[in-house]
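Chains as they are written, first to last, in my numbering: chain A, 1 to 340; chain B, 1 to 340; chain C, 1 to 340; chain D, 1 to 340.
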């Protein structure tokens, strides 16, 4: 069985998460996320992000989180601004458009949006023959594994404020981003600079679950109706609250992210040391080496991973590490690479 | 802590389900439901329902299942026929309408739809100034805990066939229905008589999860796109496959349903024995006693449950049992009732 | 060729309306409703309804007006309250649901909604498992040709205010309503008591066109985006502005309505005089006699009209008069009826 | 009053169109487009396009036509392929996305889509994490006034067929395209090569109205429901049928287009003769001269027209001619230009 670097959702859940679920036994709880487990986990989230008045809602997955937040925040004619690499634009099967909203894309750089691009979209959309941009979507870390610095996110936040735009941050991989050497943002900074974001569980040790955080009053209003209407309100919402309780206890989620990052850095160093380039800087738990196509092909025989893009005879591949990646798998990969 | 008869989703999951999840360890699997656990569980479902060519998709919850199936099956102008008590009409925050489709309601009887009601809707909708009925929605068991017999469901199925209507069955509580004394339908009958249905896990021992079964080729086509677009495709789809594997092993789901039903029957017998009437026949794991308002009020001080409807000084309440309901709770309730 | 009492849109347009269109010649104007003709007509509407700060937008038809106003006013989880006879519920092919919103229906009386029915819906919709009622839809005159009095509409308006509901009035037949003997409302009253309404042109002398009037600031915001997005912004918006200019000049629209009503009253009197009953009081330009089925059938051989409902051997039919109905057609009908 | 070259919808309607409307008098007709005028006009369209079994539906405007056709043809997960200059992507306020569908854009050339671009989109959209391309949108003439040749449209049509894609052609300016010197397509070719298209009236002499033509059986089915649901079914549909009757009689629409083109060609020749370049070839009734910004500014003082794009100190402007453009306006413009 070859080791799989395809993604950070290849293993079910961290043992402490499963333990927490098993520990509940037949304790009865209220349905639809109104249970004590979820209430406590929400408190822990609020404390973690230093935002005592934030609303916290648990939801099963990231695409769903993006869809519910965005569709609840916008009037029908309002649109999203996103980089062309944004998950909502590329890999969510039109989930945003399915709720009626256009995504206005810009080029971005290494998966990151830049304030001048936002301003250009706003300026271009000048009358009622076009949609009205109203929300900016960023991912932290991005689809390229890169991170926004505090200066970068602050500039975007300011640009949004100046142009009447909501700022929403897709944090499916927020823990790896916050714990990256390249990132000087705290969880609290993210809460302060955005109107809403989510803190990912699925890709960082949970079986399923993301914690949606809303700091903007307009988006807070009636949010549970939207969760219900989009099928996102689990009867046993406690199942996610319990998991987040475990992830937030004693900083578990950060420890998991730190492990994932350190495995990625070791991979990146080894790949570079072997003389290969990178599609973009390795900053979190995703590494994008550029191999000759034949090398990539041979590696596919030994490990699981996705090809990301092709350029002539070169193939950029994506290697993802997780809380569960054993160092031996990384060592093996590098050894095999050098031996090719 | 008072015992809660509010619903069958008050406890997290059956121990064997949690065990199965824990047993997976760090085994790697493919994402988005394409894993081996889900494939095996799907095979077990197909065998259980004697439908070898059915498509099976696992999804997190019932509202979501209803929404994805219905919205994927209909063109924009097509509508659903449902009884006015139907979950999709009353308690899903407009999830169906949110995808653009009208629900045409009829009165029904004890939560059950009757063929003549379907025909009346079809006849009324005679031109393009009205929506075009295209799918009939039934629940088995119904919101009233009642069940369709084989004759009843066959008649509806025939009526659908004759009128070019899909038949979709909401099986959030299908196991309690199938195992009811009042029900002569097999799982295979349900698969044969409908175009699509789902087999509920959440309300019968799973932490979360429903198994959508599609037998109609038109609805099968591209179904995974719809799952993804509506946010219903979990990155770790295996989490549901594993649970269904456990529920289907050695008939666990039926054993759980049988326990729930037997607790409900004991409750029903006791309530009747104490001289109270019922809103409708007790057939599955939901019982609807009708108490004087004052009696209901006193019971609220001792047990958790929902009031269902009021009629003058009388209150119909809903008592729900589950796989986890201890017989002692039932005995206690009846004792307390007699002592009032 | 038999005379057609089917509707008030059987003739193209009043000669003065067509004259106004022809008078324009090759005068150039700005597109998309930003022309001088439309601006002047909007001023005339504002004066007519004594609402100098109202926004006025011209649109091609009534279903479209209902759809654009309602969908622009609501967030995704918000719903409409309407009588079960409401045009949006019955005869618009699901146009409201197609924009994602549920219509909560109540029984009504003679096509009219009553405040206690609104309150009952609001009270029933108590949590996020249900949609949130946000807008009340009434028609003046109603689908039954009846009218709300000032007291009735005031009570509804007050009830809406007390419950945080918008009040929207479908005025496809507002002119016949205002000019009815049964109606003590002025145009200004309608503007004052509602948040938005439309003043119908199509059914009262125009070739096409309705004037949407918005007095509520929240609904005013960005309304032209919604018009454009729903395909309702005509390149030559002037075509409607010019027609409304003609209809509002020298009270033409009221004169046309008065003629239509007087023809309907004559029909109603004659039918009653001949010994037949009515389904509901004749108050505007629609009359609903109840004939023995055989009588109705014979009349179908002589005149065009729609059957409305059946009750045993009796058939209620709908006779509609317009600005163009010649008195001779009414006399002929009554004569033929008496001769049957 | 300065002459306006802003668009081809600056004048109300050709005198023969208005005459035809006036000639109807008080003739009664059936509502909702089921009248004899529309039936005859539909026959004339079918004859004109040599497609006796095509379905023809009249609708008020182009954005609406695009929206109704596209939303009726697609299932929720299906998407449109369009050039980035496409009207539906840029200037319809998100009308397509509002019905739930993503538009996948490609670069195009001079407003025209190329088969290899279609194939690239199809190839990229390889699984259910992405939308599924299903319909190709082209405009003839394009937003740049350019036209597809028979070879070009045939290649696109073939590419669509090979990839299971519908081909839909936006023909708001189809008459000027067909009558262009650069276009070797007949109306019949357009009908044969596409699955649906519309023949524009609004921009070629009608007050309002486009004729939707459907040759594909799947799109034909239930189309009137979609018209109704999107608010596109006029009560007095005859109003459009009558206009098309006039436009199609004795080739009026072609005569009007020929005049518009000849005025545009004269403009283009004069502009070129005066030493200015063009943004793209002048092929129909739209001309895009590139002027120094100061020249453009001075011309704005004398004539109405839109700036199209800027490049350094140069401004590309759009000059549109219509059936109503007097030769004297063209002469005046050229004279003024030369005098600057």
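For glycine and all other residues, C-beta sits at the position ideal for the given N, C-alpha and C. Remember, it's a predicted structure, so these values are computed and weren't measured experimentally.
Non-local beta-carbon contacts of residue 23 of chain A in its own chain, meaning distances under 6 Å to residues more than five positions away in sequence, are absent. CA-CA distance, residue 223 of chain C to residue 86 of chain B, rounds to 36 Å. The three-state secondary structure of residue 124 of chain C, taken from DSSP, is helix. At a Cβ-Cβ threshold of 9 Å, residue 246 of chain C and residue 17 of chain C count as neighbours.
Going by beta carbons, residue 11 of chain A and residue 26 of chain B fall inside the 9 Å limit. In the three-state reduction of the DSSP assignment, residue 315 of chain C falls in the strand class, which pools E and B. Check the Cα spacing between residue 53 of chain A and each of A:42, A:243, A:62, A:273: the tightest is with A:42. Under a 10 Å Cβ-count criterion, residue 311 of chain C is classified as exposed, with fewer than 16 other Cβ atoms of the shown protein chains found around its own Cβ. Nearest to residue 138 of chain C by C-alpha distance, out of C:70, C:28, C:250, C:163, is C:70. Judged by their CB atoms, residue 265 of chain D and residue 141 of chain D are not nearer to each other than the 9 Å cut-off.
With fewer than 16 other Cβ atoms inside 10 Å of its own Cβ, residue 340 of chain A counts as exposed. Contact annotation for residue 208 of chain C against chain D: 234, 236, 239 [CB-CB distance below 7 Å, chain order]. With contact defined as three or more Cβ pairs closer than 8 Å, the region 195-202 of chain C and the region 163-172 of chain C are in contact. Per DSSP, the beta-bridge partners of residue 57 of chain C are C:212. The three-state reading of DSSP puts residue 309 of chain B in strand, counting E and B together. Contact holds between the region 116-132 of chain B and the region 152-160 of chain B, because three or more Cβ pairs, one in each stretch, are under 8 Å apart. Taken atom to atom, the span from the alpha-carbon of residue 194 of chain C to that of residue 230 of chain C is near 23 Å. The region 76-94 of chain D and the region 259-275 of chain D do not touch, with fewer than 3 CB-CB distances between them shorter than 8 Å. Going by DSSP, residue 139 of chain B is part of the beta strand (DSSP E) stretching over 132-139.
In the DSSP assignment, residue 292 of chain D falls within the beta strand (DSSP E) that extends over 289-292. Interface annotation, residue 71 of chain B: in contact with chain D, CB-CB separation under 9 Å.
Restricting attention to B:49, B:318, B:254, B:237, the CA atom closest to the CA of residue 215 of chain B is found in B:49. Taking 9 Å as the CB threshold, residue 17 of chain A stays off the interface with chain C. Counting C-beta pairs closer than 8 Å gives fewer than three between the region 182-194 of chain D and the region 69-83 of chain D, which falls short of the contact rule. Proximity to residue 73 of chain B across B:323, B:14, B:60, B:133 peaks at B:133, based on C-alpha coordinates. For the region 207-229 of chain D, residues whose beta-carbon sits nearer than 7 Å to a beta-carbon of chain B comprise 222, 224, 225, 226, 228, 229. Cβ-Cβ separation between residue 233 of chain A and residue 33 of chain A: approximately 6 Å, consistent with a contact (criterion under 8 Å).
Per the DSSP secondary-structure output, residue 30 of chain A pairs with nothing in a beta bridge.
Shown here, residue 83 of chain C sits in a strand according to DSSP, grouped into three states. The beta carbon of residue 76 of chain B falls within 9 Å of a beta carbon belonging to chain D, placing the residue at that interface.
Nearest neighbour of residue 178 of chain A by Cα position, chosen from A:273, A:329, A:153, A:292, turns out to be A:153. DSSP places residue 207 of chain B in the coil class of the three-state scheme, outside both helix and strand. Relative to the Cα of residue 209 of chain B, the nearest Cα in the group B:242, B:155, B:221 belongs to B:242. Between the alpha carbons of residue 99 of chain C and residue 30 of chain B lies a distance of about 37 Å. A straight line joining the alpha-carbon of residue 108 of chain A with that of residue 149 of chain A spans about 15 Å. Residue 19 of chain B and residue 14 of chain A have their C-alpha atoms roughly 14 Å apart.
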